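Take a look at the structure below.
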Amino acid sequence: MATSLDGRIATRSGDSQWITNEKSREVVHLQRSSNDAIMVGAGTVRKDNPRLTVRNIARSANPVRVLISNKINLPHDSRIFTSMKAHPTWIIHGADTNEGTKEIWAKEGAKLLEAKSNNGKIVLKNALKNLALEGLTSVYCEGGSNLAAGLLSNNLVDELIIFTAGIIIGEDGLPTVASLGLDKLKDARRLDLMESVTMGGDIMTRWSVK
Numbered sequence: 456m457a458t459s460l461d462g463r464i465a466t467r468s469g470d471s472q473w474i475t476n477e478k479s480r481e482v483v484h485l486q487r488s489s490n491d492a493i494m495v496g497a498g499t500v501r502k503d504n505p506r507l508t509v510r511n512i513a514r515s516a517n518p519v520r521v522l523i524s525n526k527i528n529l530p531h532d533s534r535i536f537t538s539m540k541a542h543p544t545w546i547i548h549g550a551d552t553n554e555g556t557k558e559i560w561a562k563e564g565a566k567l568l569e570a571k572s573n574n575g576k577i578v579l580k581n582a583l584k585n586l587a588l589e590g591l592t593s594v595y596c597e598g599g600s601n602l603a604a605g606l607l608s609n610n611l612v613d614e615l616i617i618f619t620a621g622i623i624i625g626e627d628g629l630p631t632v633a634s635l636g637l638d639k640l641k642d643a644r645r646l647d648l649m650e651s652v653t654m655g656g657d658i659m660t661r662w663s664v665k
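The opening position of the sequence shown corresponds to residue 456 in our numbering, with each subsequent residue numbered one higher.
Okay, structure coming up:
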């Protein structure tokens, strides 16, 4: 995930392009290329309109693009929607998704996977189990903050990679990780630093979570 020095991934208006520098973004493409899938939440699709492809790196095919959206509440004018015939795109949705909505996305080329949901949110453990059953065992999650919090709170993260830029956004910016519901510092997980690399004005840190 790309974050400011004070732990923000976007300004209060949602502007996030670009927090990190070109070198960091090049490394992200390299990391994407080494995984079976790239996963984001619905909010990231709506706010950032990402492509979620690997660029400027030789690879036989792009990783599968995985979108988490309980009711497939995703824009039809997004870069992902308009490029699904060219790049494999899977959507994990809940059981009560509108049939017409599913038909629209399936017709454009999306593969739809149903997962359990609870209080309007996809049960992430079940979602990842479904991906594994389909043969996707290495998933590179790029956020946003709610998806990151859900994965971390459910112990579904093996490694955490943070690209930190030397900018300060402020308290009203969007946090890197949404609320984890912690009251006591003793309940916060301590991660093990595996790697720290300077990239121009950015720093990439890689942490072991398991």
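Beta carbons: idealized from backbone N, C-alpha and C, even for Gly.
Quick caveat, the model's predicted, so the values are computed rather than measured.
Close Cβ partners of residue i (< 7 Å) along its chain, the five nearest in sequence each way excluded
| i | result |
| --- | --- |
| Lys665 | Asp613 |
| Asp491 | Pro518, Val519, Leu591, Thr592, Ser593, Val594 |
| His542 | Thr508, Asn517, Arg520 |
| Met649 | Arg661, Trp662, Ser663 |
Collapsed DSSP secondary structure at residue i in the structure displayed
| i | result |
| --- | --- |
| Trp560 | helix |
| Ser488 | helix |
Supposed contact pair residue j and residue i - C-beta distance, whole angstroms, cut 8 Å
| i | j | result |
| --- | --- | --- |
| Ala633 | Ala604 | 4 Å |
| Asn553 | Lys526 | 7 Å |
Bridge-paired residues (DSSP) for residue i
| i | result |
| --- | --- |
| Thr573 | Note that residue 573 corresponds to Asn in the displayed sequence, not to Thr. Answer is Lys576, bridged to Asn573. |
| His531 | Partner(s): none; His531 has no beta bridge. |
| Met659 | Phe618, Val652 |
| Ile547 | Ile523, Leu568 |
| Gly496 | Ile523 |
| Val594 | Ala492 |
| Ala457 | Phe618 |
| Arg463 | Pro630 |
Distance CB(residue i)-CB(residue j) smaller than 7 Å
| i | j | result |
| --- | --- | --- |
| Gly628 | Thr499 | no |
| Arg506 | His484 | no |
| Gly550 | Glu569 | Sequence inspection shows Ala at residue 550; the Gly mentioned does not correspond to that position. Contact: yes. |
| Ile523 | Ile547 | yes |
| Gly621 | Asn476 | no |
| Leu586 | Asn609 | no |
Close-in-space but distant-in-sequence residues of the same chain around residue i (CB under 6 Å, 5 per side omitted)
| i | result |
| --- | --- |
| Thr660 | Ile617, Ser651 |
| Leu658 | Contrary to the premise, residue 658 reads as Ile rather than Leu in this sequence. Closer than 6 Å at Cβ, skipping near neighbours: Thr619. |
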